[in-house]
Each structure stands twice: as C-alpha cells, then as structure tokens.
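Peer 1: First the structure, which I've put down as structure tokens, then a few questions once you've had a look.
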Amino acid sequence: MELCSFLTLDSFITDPLTHDFMRKALLMSSLVAAVCGFLSSYLTLKGWALMGDAVSHSVMPGVVVAYALGLPFSLGAFIFGVGSVALIGFIKQKSRVKEDTVIGLVFTGFFALGIVLVSKIKSNIDLHSILFGSPLGISLSDVKQTIFISLLVVILLSIFRKDLMLYCFDPRHAKTVGINVFFLHYLLLTCLSLAAVVGLQSVGIILVVAMLITPGATAYLLTDKFDNMTVISVLSAIISSLIGIYVSFWFDLETGGSIVLAQTFIFLFAFLFAPRYGIFKLKKLFAGYKS
Amino acid sequence: METINYQNFRIDAENICVDYNGKVALYDANLRLKPGQICGLVGMNGAGKTTFFNALTGFVNISKGKIRINGESVRSAQKDQTIAYVPQNEGIDSQFPISVWDVVMMGRYGSMNIFRCPRESDVQAVKDAIERVDLSDQISTPIGNLSGGQRKRTFLARAIAQRASILLLDEPFSGVDIRTEKLISELFIQFKNEGKTILLSTHDMIHVREFCDLVLLINKTVVAYGETSEVFTPENITTTFGGISPDFLFGPES
Numbered sequence: 001m002e003l004c005s006f007l008t009l010d011s012f013i014t015d016p017l018t019h020d021f022m023r024k025a026l027l028m029s030s031l032v033a034a035v036c037g038f039l040s041s042y043l044t045l046k047g048w049a050l051m052g053d054a055v056s057h058s059v060m061p062g063v064v065v066a067y068a069l070g071l072p073f074s075l076g077a078f079i080f081g082v083g084s085v086a087l088i089g090f091i092k093q094k095s096r097v098k099e100d101t102v103i104g105l106v107f108t109g110f111f112a113l114g115i116v117l118v119s120k121i122k123s124n125i126d127l128h129s130i131l132f133g134s135p136l137g138i139s140l141s142d143v144k145q146t147i148f149i150s151l152l153v154v155i156l157l158s159i160f161r162k163d164l165m166l167y168c169f170d171p172r173h174a175k176t177v178g179i180n181v182f183f184l185h186y187l188l189l190t191c192l193s194l195a196a197v198v199g200l201q202s203v204g205i206i207l208v209v210a211m212l213i214t215p216g217a218t219a220y221l222l223t224d225k226f227d228n229m230t231v232i233s234v235l236s237a238i239i240s241s242l243i244g245i246y247v248s249f250w251f252d253l254e255t256g257g258s259i260v261l262a263q264t265f266i267f268l269f270a271f272l273f274a275p276r277y278g279i280f281k282l283k284k285l286f287a288g289y290k291s
Numbered sequence: 001m002e003t004i005n006y007q008n009f010r011i012d013a014e015n016i017c018v019d020y021n022g023k024v025a026l027y028d029a030n031l032r033l034k035p036g037q038i039c040g041l042v043g044m045n046g047a048g049k050t051t052f053f054n055a056l057t058g059f060v061n062i063s064k065g066k067i068r069i070n071g072e073s074v075r076s077a078q079k080d081q082t083i084a085y086v087p088q089n090e091g092i093d094s095q096f097p098i099s100v101w102d103v104v105m106m107g108r109y110g111s112m113n114i115f116r117c118p119r120e121s122d123v124q125a126v127k128d129a130i131e132r133v134d135l136s137d138q139i140s141t142p143i144g145n146l147s148g149g150q151r152k153r154t155f156l157a158r159a160i161a162q163r164a165s166i167l168l169l170d171e172p173f174s175g176v177d178i179r180t181e182k183l184i185s186e187l188f189i190q191f192k193n194e195g196k197t198i199l200l201s202t203h204d205m206i207h208v209r210e211f212c213d214l215v216l217l218i219n220k221t222v223v224a225y226g227e228t229s230e231v232f233t234p235e236n237i238t239t240t241f242g243g244i245s246p247d248f249l250f251g252p253e254s
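Here is the structure:
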C-alpha cells in the first residue's frame with residue numbers, strides 16, 4: 001500500500017505533511033538552513049571553514065552543561081563557542097604553534113570535554129540527538145529558542161550585510177575609513193556560534209559545519225555577484241533540508257545525514273555543471289548544441 | 001625660535017615603533033609630508049614598508065612614538081576619511097564575487113549611514129572616480145575578470161571616490177600594463193596639483209626618480225630621508241639593500 005501511494009509525486013510530498021512532527025521538522029529545518037546559508041557566504045569568502053568546524057564542535061560541553069543546569073542550551077553553547085575562539089586566539093598569540101594546529105587542538109579538546117561530561121552527568125541528555133541532530137523530535141521550547149536565535153542572526157546579518165562583506169573582502173580598507181573591524185570580527189564570530197547552535201538541532205554537532213560551508217561553496221561556483229551568492233546559498237540550503245527530510249521520511253534514513261548529503265549532491269552538481277566555473281561548463285555545452 | 005606648526009604637515013610620524021608579539025618590524029621611524037608632496041618608500045621585502053603603511057592607517061598599533069595626520073590622531077583621520085590605501089594586487093582576493101562598481105562604492109562606506117545606502121552624491125562620486133581611471137565600460141565586471149592593470153585602477157578609483165587627501169599606494173606599478181602605468185602617472189600629477197599627499201612603495205628605482213619629490217629609504221628604520229635628488233644616491237641605496245650594489249639592482253645605466 002505504502003509503495004503505491006509513494007509512486008505519485010503528489011502524495012510523496014503531501015503524505016508526510018499530515019504528520020504534525022513532519023510539518024514542524026520541515027519548517028524548523030528550513031529556517032535553520034536559511035540562517036546557516038545566509039552566514040555561509042561570508043564564511044566561505046572569509047576562509048573560515050575550519051573556524052566553523054571548530055566553533056560547532058566546541059559548543060558540545062556548553063550544551064551538556066546547560067542541559068544539566070536546566071538553562072537554555074543555546075546559552076551554554078554560545079558561551080563555549082565564543083570561548084573556544086578566544087582561546088584559539090590566545091594560544092596562537094602566545095605560542096609559536098601554527099594556527100590550524102591550534103584550532104584543531106582546541107576544538108577537539110572542547111569536544112572531548114563534552115563527551116566526558118555526558119558520561120559523567122548521566123542526565124536525560126540524548127547524546128545521539130546532540131551528535132546527529134533530531135529535527136523530527138524537536139520540542140516546543142527548542143522551537144521557540146530556534147526561532148528567536150534565527151531571527152536575531154538574520155537581523156544582525158541584514159543590518160551589517162555590507163560591512164561584513166567589506167570586512168571579508170578588505171579589512172584594511174574598512175579600518176582605514178573608520179569602520180570598526182574589531183566589532184565586525186566578533187559579530188561574525190557571534191553569528192557563527194549562534195548559527196552552529198541552531199544548526200546542530202537539524203543535523204547535529206558533527207555535521208553542522210556542512211550547513212555553514214557547503215551552501216556558500218555551491219553558490220560561489222554559480223555566481224560572481226555577492227548578493228546573488230547569498231540568495232543562492234540560502235535557497236540551496238533550504239532545498240537540501242526539504243529533500244533530506246522527505247528522503248529520510250520515505251526511506252527511513254538518518255535525517256541529519258540525509259540533509260547534508262543532499263547539500264553535498266547539490267554542490268557536486270554545481271561543481272560539474274556550473275555555467276562558468278563548472279568542470280563541464282553547461283553554457284559552453286548549450287552553445288555548442290545551438291551552433 | 002620658530003615653533004613647528006603641526007597643521008602644516010599632512011603626515012607627521014615621530015619616532016614610531018611597531019612590533020608583532022615582541023618581534024620588531026619598525027623602530028624610530030620618522031616621516032613628515034606636506035600637501036602636494038609625493039614620497040617614495042623604498043626598502044627590501046620585510047624592511048617594514050607595509051608595516052609603515054599599516055601604522056599610518058591604524059591597521060596596526062604603534063608601540064612607541066606619535067603619528068599625527070593633519071595635526072590630529074590616526075583615529076580621527078579614519079573618521080574623516082583622510083587616508084586612502086591602495087593595496088598590492090597580491091593583497092586582495094581577486095576571486096571575490098564583487099564588481100568594479102561595488103569596490104569603488106566601498107570608498108564611500110565610511111561616510112554613509114549604518115546600512116551603507118548610497119546617496120545621490122555617493123553615486124556621482126563613484127561614477128566620476130570610475131571615469132577618471134577610464135573603466136566606465138567595465139562598471140559591472142567582476143574584479144576576477146579584470147586584468148592586473150584594470151584591477152589596480154579599480155582600487156585607485158576607490159581611493160578617488162573616498163576623496164582622501166592622503167594616498168598610500170603599495171607597489172602601484174607592479175604587474176600593470178603600459179596604458180595603466182601612463183594613466184597612473186598622469187593621475188599622480190593631477191593629485192599633486194590638487195594638493196593631495198602621496199606615499200608610495202616601489203621596487204622600481206626609475207619610478208622614484210620620475211615621480212617622487214622625496215624619498216624615504218628604510219630597513220627596519222629610516223636609512224635616509226630627503227629630496228630625491230640628494231638622498232637617492234647609490235651609497236644610500238646600497239646601505240638600504242644590505243650591501244648589494246645599485247648596479248645589480250637596476251642596471252649600470254643609472
């Protein structure tokens with residue numbers, strides 16, 4: 001019976017919508033994807049992929065501690081996310097160890113601390129949902145937090161959209177014309193921590209970095225305009241989320257993994273067929289076909 | 001005794017030192033430039049040229065000394081859009097998805113509101129600047145599709161749009177075509193007549209003789225400073241470049 005209804009596209013899309021948890025998952029994941037996708041264009045242009053990885057892993061102990069103390073998990077995650085960056089900066093400045101080594105060292109340390117804490121605290125923390133996300137089992141208080149944080153990040157990014165672009169492109173010029181580069185640096189880091197916090201609900205701590213870099217990388221292959229890049233990045237992130245959730249529903253697959261895999265496939269498609277920067281350059285293929 | 005009126009100097013750097021985590025990049029450096037002066041900054045790689053620029057723009061903090069721009073602090077010079085920095089071609093990400101127009105508009109950001117919405121005057125300034133560097137036909141071209149010379153002109157246009165009175169140029173002539181070189185030298189003469197002050201770093205000794213009224217030879221500190229005709233001697237240049245003879249550097253004809 002299931003297979004029959006599956007065969008029509010209409011029911012493929014509408015059937016899951018009859019479930020309350022699916023509607024919630026689709027909406028929340030789209031919102032999270034949009035936020036991460038927005039930020040993604042800045043991170044990929046700034047070259048902060050490794051930083052994104054570091055921050056997203058470092059929030060782990062924060063989440064655990066916050067759960068144990070009954071605080072909003074986003075608060076704990078935020079503190080540890082920003083703290084990890086501060087620590088990375090401090091160690092880099094005070095030692096001769098290279099930056100990528102320091103980043104790798106700090107975030108794995110934080111992550112390990114988180115795992116140890118989970119085993120020690122023994123509360124009702126579901127390690128699996130932290131590591132791999134649980135968009136289908138999102139609670140009402142989590143929904144409220146997610147909406148609040150997402151709106152905050154979108155508003156911040158929208159206000160400082162152009163300044164952040166300038167900061168990524170030419171921080172020296174920004175400083176020369178009196179724009180507060182220090183503030184922009186920490187603004188971007190704050191947004192990164194917040195996005196990691198909301199992103200981990202969809203795909204979990206381990207894969208959230210994909211939400212933060214893949215959509216931006218995909219968009220970067222498809223356009224030479226910054227504004228278009230942001231739009232494409234957001235759209236590809238949302239579409240991946242929807243595809244991932246539907247596919248995981250129908251084929252009973254891990255949701256977080258499905259979302260990220262959908263993003264990866266979209267990236268690969270752009271990598272192969274992007275009009276200007278793809279390997280096969282779709283534009284040229286069409287041009288050849290016409291003539 | 002006549003007291004020095006600091007207002008007369010566009011740039012007045014006094015005994016400045018810069019260090020990066022205890023590593024000295026520049027020490028006891030002095031520089032005074034008046035309106036309409038063009039000064040060449042000459043030194044080896046790692047001699048502190050870029051550090052000098054960074055100190056003047058406030059991109060790095062000086063650990064000792066004093067910098068006055070038009071008699072005021074670097075901070076207020078930043079606020080007043082007094083200084084424009086034109087980076088080396090290597091210093092920018094040429095693959096960044098941004099057009100000529102958008103780069104030049106960044107010259108206006110400092111004087112716009114927080115959302116950086118361009119006013120009519122900003123649009124006009126950008127248009128004029130792009131016209132002056134002869135890129136009007138490339139307004140919406142992404143910078144990645146420009147030649148080295150065109151890209152250099154784009155950043156020069158950004159400095160023009162900023163309406164800065166001091167221009168700092170890092171290797172303005174490296175990697176540019178003849179047409180751009182000619183255009184830049186014409187612009188320098190215009191800037192000089194407009195009373196702008198220019199400090200440019202260069203590897204090319206011929207350009208120093210051609211454009212620079214003054215020359216500052218540095219090797220972590222000032223080796224020599226003064227009128228080009230007096231200071232730009234083979235002996236000073238040899239000292240600046242750590243004992244390598246100028247013949248070897250720019251040919252026996254000079």
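Top line first, the protein sequences correspond to chains A and B. Heads up: the first sequence begins at 1 in my numbering, then just goes up one per residue. Heads up: the second sequence begins at 1 in my numbering, then just goes up one per residue. Every residue gets a Cβ at the ideal spot worked out from N, C-alpha and C, and that includes glycine. Model, not experiment: these values are computed from the prediction.
(1) Short of 8 Å in beta carbon distance, which residues of its chain neighbour glutamate 210 of chain B, apart from the five on each side in sequence? Order them along the chain.
(2) What are the boundary residues of the beta strand (DSSP E) that includes lysine 64 of chain B?
(3) Classify arginine 96 of chain A as buried or exposed, calling it buried when 16 or more other Cβ atoms lie within 10 Å of its own Cβ.
(4) With cysteine 117 of chain B as the anchor, note down where its alpha helix (DSSP H) starts and where it stops.
(5) Residues of chain B with a CB under 8 Å from the CB of phenylalanine 38 of chain A: which are they?
(6) Output, in sequence order along the chain, the residues in the stretch 11 to 24 of chain A whose CB is closer than 8 Å to any CB in chain B.
(7) Please decide whether glutamine 150 of chain B counts as near chain D, where near means a Cβ-Cβ distance under 9 Å.
(8) For lysine 281 of chain A, decide whether its Cβ has a neighbour in chain B, counting only Cβ atoms nearer than 9 Å.
(9) Is there a Cβ from chain A that is less than 9 Å from the Cβ of glycine 175 of chain B?
(10) Would you mind telling me which residues of chain A sit closer than 7 Å to lysine 79 of chain B, beta carbon to beta carbon, in chain order?
(11) Please state whether DSSP places aspartate 17 of chain B in a helix, a strand or coil.
(12) Got a sec, what are the start and stop residues for the beta strand (DSSP E) arginine 32 of chain B sits in?
(13) Within the continuous alpha helix (DSSP H) that includes threonine 230 of chain A, where are the two ends?
(14) Just the C-alpha distance for lysine 175 of chain A and threonine 14 of chain A, rounded to the nearest angstrom, thanks.
(15) Say whether chain B places a C-beta atom closer than 9 Å to the C-beta of threonine 214 of chain A.
(16) Looking only at DSSP bridge pairs, what is valine 42 of chain B linked to?
(17) Just to confirm the assignment, what range does the beta strand (DSSP E) spanning glycine 226 of chain B have?
(18) Can you pull the chain B residues whose beta carbon is under 7 Å from the beta carbon of aspartate 224 of chain A, in chain order?
(19) Can you check which of these residues, A/Ala210, A/Asp224, A/Val231, A/Tyr220, is closest to serine 258 of chain A by C-alpha distance?
(20) Whole beta strand (DSSP E) runs in the stretch 48 to 107 of chain B with 3 or more residues, listed along the chain?
(21) Could you tell me the distance, in whole angstroms, from the CA atom of isoleucine 147 of chain A to the CA atom of asparagine 228 of chain A?
(22) Across the stretch 126 to 140 of chain B and the stretch 61 to 78 of chain B, are there enough close Cβ pairs to call them in contact, namely three or more that are closer than 8 Å?
(23) Going by alpha carbons, who is nearest to threonine 218 of chain A out of A/Leu253, A/Leu272, A/Leu184, A/Glu254?
(24) If I'm right that leucine 212 of chain A touches leucine 39 of chain A with Cβ under 8 Å, what's the distance once you round it to whole angstroms?
(25) Would glycine 204 of chain A and isoleucine 130 of chain A qualify as a contact pair, given that the criterion is a beta-carbon distance under 9 Å?
(26) If you measure from the beta carbon of lysine 162 of chain A to each beta carbon in chain B, is any gap under 9 Å?
(27) With DSSP run on the structure shown, which of helix, strand or coil describes isoleucine 206 of chain B?
(28) Residues of the stretch 225 to 236 of chain B in Cβ contact with chain A at a cutoff of 8 Å, in chain order, please.
(29) Could you spell out where the beta strand (DSSP E) holding isoleucine 316 of chain B opens and where it closes?
(30) Going along the chain, which residues of the stretch 50 to 63 of chain A sit with their C-beta nearer than 8 Å to a C-beta in chain B?
(31) If you pair each beta-carbon of the stretch 136 to 150 of chain A with each one of the stretch 180 to 192 of chain A, do three or more pairs fall below 8 Å?
(32) For asparagine 21 of chain B and chain A, any beta-carbon pair shorter than 9 Å?
(33) According to DSSP, which residues form a beta bridge with leucine 199 of chain B?
(34) Aspartate 12 of chain B bridges to which residues according to DSSP?
(35) Within its chain, find whatever has a CB closer than 7 Å to the CB of glutamine 324 of chain B; leave out the 5 residues flanking it on each side and keep chain order.
(36) How big is the Cα-Cα spacing for phenylalanine 22 of chain A and cysteine 36 of chain A?
Peer 2: Put simply:
(1) Closer than 8 Å at Cβ, skipping near neighbours: Ser185.
(2) Residues 64 to 69.
(3) The residue is exposed, with fewer than 16 neighbouring Cβ atoms inside 10 Å.
(4) Premise fails: cysteine 117 of chain B is in no alpha helix (DSSP H) and is neither H nor E.
(5) Those within 8 Å of phenylalanine 38 of chain A in chain B number zero; the least Cβ separation is about 15 Å.
(6) Under the 8 Å Cβ criterion, the stretch 11 to 24 of chain A contributes no residue.
(7) No chain D appears in this structure, whose protein chains are A and B.
(8) No, because no Cβ of chain B sits closer than 9 Å to the Cβ of lysine 281 of chain A.
(9) No, because no Cβ of chain A sits closer than 9 Å to the Cβ of glycine 175 of chain B.
(10) Among the residues of chain A, those whose CB is under 7 Å from the CB of lysine 79 of chain B are Gly178, following chain order.
(11) The residue asked about is misnamed: residue 17 of chain B is cysteine in this sequence, not aspartate. Look at cysteine 17 of chain B here: in three-state DSSP terms it is strand.
(12) Per DSSP, arginine 32 of chain B belongs to the beta strand (DSSP E) from 23 to 33.
(13) Unbroken alpha helix (DSSP H) run through threonine 230 of chain A: 226 to 251.
(14) Roughly 52 Å separates the two Cα atoms.
(15) Cβ-Cβ to chain B under 9 Å: no for threonine 214 of chain A.
(16) In DSSP, valine 42 of chain B forms a bridge with B/Leu217.
(17) Membership of glycine 226 of chain B in the beta strand (DSSP E) is indicated by the continuous run 222 to 227.
(18) Under the 7 Å cutoff, chain B gives Pro97, Pro142, Gly144.
(19) Scanning A/Ala210, A/Asp224, A/Val231, A/Tyr220 for the CA closest to the CA of serine 258 of chain A turns up A/Ala210.
(20) Fully enclosed beta strand (DSSP E) runs of 3 or longer: 64 to 69, 83 to 86.
(21) C-alpha separation (whole angstroms): 25 Å.
(22) They do not touch, by the three-pair rule.
(23) Restricting attention to A/Leu253, A/Leu272, A/Leu184, A/Glu254, the CA atom closest to the CA of threonine 218 of chain A is found in A/Leu272.
(24) In this structure, leucine 212 of chain A and leucine 39 of chain A form a Cβ contact; the two beta carbons are roughly 6 Å apart against a cut-off of 8 Å.
(25) In this structure, glycine 204 of chain A lies near isoleucine 130 of chain A, with their beta-carbon atoms less than 9 Å apart.
(26) Chain B places a beta carbon closer than 9 Å to that of lysine 162 of chain A, counting this residue as a contact.
(27) If DSSP states are grouped into helix, strand and coil, isoleucine 206 of chain B belongs with the helices.
(28) Flagged: no residues at all.
(29) Shown here, chain B extends from 1 to 254; a query on residue 316 of chain B therefore has no answer.
(30) Within the stretch 50 to 63 of chain A, no residue qualifies.
(31) In short, these stretches do not touch, since the Cβ pair count stays below three.
(32) Chain A has a Cβ within less than 9 Å of the Cβ of asparagine 21 of chain B.
(33) For leucine 199 of chain B, the pairing in a beta bridge is given by DSSP as B/Cys39, B/Leu168.
(34) As a beta-bridge residue in DSSP terms, aspartate 12 of chain B pairs with B/Arg32, B/Arg68.
(35) Since the first residue of chain B shown is 1 and the last is 254, residue 324 of chain B is not available in this structure.
(36) According to the sequence displayed, residue 22 of chain A carries methionine and not phenylalanine. In this structure, the straight-line span from the alpha carbon of methionine 22 of chain A to that of cysteine 36 of chain A is close to 21 Å.
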